[in-house]
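First residue of the sequence shown: 18, per the numbering used here; consecutive thereafter. For every residue, glycine included, the Cβ atom is placed at its ideal position computed from N, Cα and C.
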Amino acid sequence: MDKFDKNIIEILDKNCKLPLSKISREVRLSKQSISRRIENLYRAKQLFSYYLIIDYFKLGLSNVVFFISLHKNNKKLLHHKINEIKKINSVGWIADFFGRYDLGISIFYHSSYELNQIVNKIQEIFDNNVKETSIISMVEHNIFSFEFDRKKKINFHISQNKNQKITITSPLQTKILYELSKNPRDLSTNIAKKLGTSFTSIRYNIKQLEKNKIILGYKLIINFSKFGFHWGLIFFSCNYSSELNKLVAKLKNDNRVIMISKSVTNDLLVDVIYKEVAELKEFVEEYKALFSNIFYSETLNVICVYKLGSYLD
Numbered sequence: 018m019d020k021f022d023k024n025i026i027e028i029l030d031k032n033c034k035l036p037l038s039k040i041s042r043e044v045r046l047s048k049q050s051i052s053r054r055i056e057n058l059y060r061a062k063q064l065f066s067y068y069l070i071i072d073y074f075k076l077g078l079s080n081v082v083f084f085i086s087l088h089k090n091n092k093k094l095l096h097h098k099i100n101e102i103k104k105i106n107s108v109g110w111i112a113d114f115f116g117r118y119d120l121g122i123s124i125f126y127h128s129s130y131e132l133n134q135i136v137n138k139i140q141e142i143f144d145n146n147v148k149e150t151s152i153i154s155m156v157e158h159n160i161f162s163f164e165f166d167r168k169k170k171i172n173f174h175i176s177q178n179k180n181q182k183i184t185i186t187s188p189l190q191t192k193i194l195y196e197l198s199k200n201p202r203d204l205s206t207n208i209a210k211k212l213g214t215s216f217t218s219i220r221y222n223i224k225q226l227e228k229n230k231i232i233l234g235y236k237l238i239i240n241f242s243k244f245g246f247h248w249g250l251i252f253f254s255c256n257y258s259s260e261l262n263k264l265v266a267k268l269k270n271d272n273r274v275i276m277i278s279k280s281v282t283n284d285l286l287v288d289v290i291y292k293e294v295a296e297l298k299e300f301v302e303e304y305k306a307l308f309s310n311i312f313y314s315e316t317l318n319v320i321c322v323y324k325l326g327s328y329l330d
């Protein structure tokens, strides 16, 4: 990997829908060279895929993260069960961990009844092997782009507002969102063929979805382990105070942080990348020393992310 590959990754992680011609101008390599380099990054499994960042609140959806601890963690059996869970459309993220919990599942839903049905289905998949569960309801996310120099990251922000109104999307826009959620880099001409409409109509409706801030961005799924990083998930349980906003502001400016999620009870789930276990421990101790409103913390080390992306029916 050289500086051109790194530059391509940083550009795509800010907007993976950019055409090769624009990436070519920015990197100063030919379109053919850019295309070949992207293919090589996938072949080396340094990149996994792409995903669409949507303001799901505007679509009338809510989100919880469902953590599961198992009595017996048989890896072969666990992977089989994960493959079953991946088929559930409402599930947008699945990862397994070293730590208190074995599995984390992000669920998107319209109603408490629907959430209950999804949770029941997941628990049925594991039969009687579930030892402990925890559900955290989310109200805000800050998702950051990845930078090798960690200085120029951008923030994709999703938040549940006090006067949040559901944005009505047309049937065509709903279908476009579904197609883009499967592959954000899919060409408008391809989507038009799949949906039996014109290229112009697809382009116009994508622009409307972006203008109404339903589509917030197009991002990479990066295999951080290929770049020498580990992925940690830190749970900060916090008392509500003026310090909470200061804590979030400091986390936003921390180069190690790739995502901050805030729960309905003002607890934080913080995704960090690190190179050594000692670095992760120092991170937690540093923030607990600086902010007295953190009264509890827990760390999970991400082993593998099995799904990240589409959760639209």
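Leaving out five residues on either side along the sequence, give the residues of the same chain with a beta carbon under 6 Å from the beta carbon of residue i.
i    : result
S278 : M155, H158, L286
K103 : K324
N133 : none
Pop quiz: residue i and residue j are said to be a contact at Cβ under 8 Å. What is the actual Cβ separation, rounded to whole angstroms?
i    : j    : result
F83  : I122 : 5 Å
V289 : I251 : 6 Å
I124 : V81  : 5 Å
D203 : L212 : Between L212 and D203 the Cβ distance is about 11 Å, and since that is not below 8 Å, they are no contact.
V319 : G249 : 7 Å
F308 : L264 : 5 Å
Do you know offhand how far residue i's Cα is from residue j's?
i    : j    : result
F65  : S52  : 16 Å
N262 : F161 : 18 Å
K192 : F114 : 34 Å
E164 : S258 : 32 Å
C321 : V108 : 16 Å
Q49  : S254 : 49 Å
I232 : Q225 : 9 Å
H247 : L95  : 21 Å
P188 : Y195 : 11 Å
E302 : I183 : 40 Å
K39  : L29  : 11 Å
R220 : D72  : 19 Å
Y291 : K93  : 28 Å
Q63  : S242 : 8 Å
K138 : A266 : 38 Å
E296 : A306 : 15 Å
S151 : V294 : 25 Å
R117 : L317 : 7 Å
S129 : I135 : 10 Å
S314 : I153 : 15 Å
Q140 : M18  : 43 Å
V281 : K228 : 28 Å
Y59  : K230 : 30 Å
L237 : M276 : 14 Å
K298 : D271 : 15 Å
E260 : D284 : 13 Å
N207 : E101 : 29 Å
Q177 : S41  : 37 Å
D166 : I175 : 25 Å
For residue i, which residues in the same chain have their Cβ closer than 7 Å to its Cβ, ignoring the five residues on either side in sequence?
i    : result
K89  : N146
K148 : S86, L87, H88
P201 : C33, K34, Y67, Y68, L69, Y235
N256 : N310, F312
L37  : K48, I51, S52
E131 : none
Ordered along the chain, which non-local residues of its own chain (more than five positions away) have a Cβ less than 8 Å from that of residue i?
i    : result
H127 : G77, L78, S79
R54  : F21, D22, I25, L46
E56  : none
F143 : I85, L87, K98
V274 : F161, L268, V287, D288, V289
S205 : F216, I219, R220, I223
D119 : I85, S86, L87, N90, L95, D113
L171 : Note on identity: in this sequence residue 171 is Ile, with Leu being the wrong assignment. Contacts found: K31, F161, S162.
E43  : N24, I28
A61  : K243
A11  : For the chain, the structure presents residues 18 to 330; residue 11 sits outside this window and is missing.
Assuming residue i is part of the alpha helix (DSSP H), what are its boundary residues?
i    : result
V294 : 294 to 307
Taking the beta strand (DSSP E) that residue i falls in, what are its first and last residues?
i    : result
N318 : 311 to 325
S187 : Taken as a continuous stretch (DSSP letters only), S187 belongs to no beta strand (DSSP E), as it is neither H nor E.
Y291 : 285 to 291
V281 : Taken as a continuous stretch (DSSP letters only), V281 belongs to no beta strand (DSSP E), as it is neither H nor E.
Nearest chain C C-beta to residue i closer than 9 Å, yes or no?
i    : result
A209 : Of the protein chains in the structure, only one exists, and it is not chain C.
Do residue i and the ligand GTP come close, with the Cβ less than 8 Å from some heavy atom?
i    : result
F165 : Looking at this structure, you won't find the ligand GTP or any other ligand, since it has none at all.
(Q) As an exercise, report each continuous alpha helix (DSSP H) stretch of at least 4 residues that is fully enclosed by the stretch 21 to 109, in chain order. (A) You should have 37 to 44, 48 to 60, 92 to 103.
Q. Which residue spans inside the stretch 198 to 258 form an unbroken beta strand (DSSP E) run of at least 3?
A. Look at the stretch 198 to 258 and you find these whole runs of beta strand (DSSP E), each 3 residues long or longer: 232 to 239, 247 to 255.
Q) Residue ranges of each beta strand (DSSP E) run of no fewer than 3 residues wholly in the stretch 107 to 173, ordered along the chain? A) 108 to 115, 120 to 126, 147 to 161
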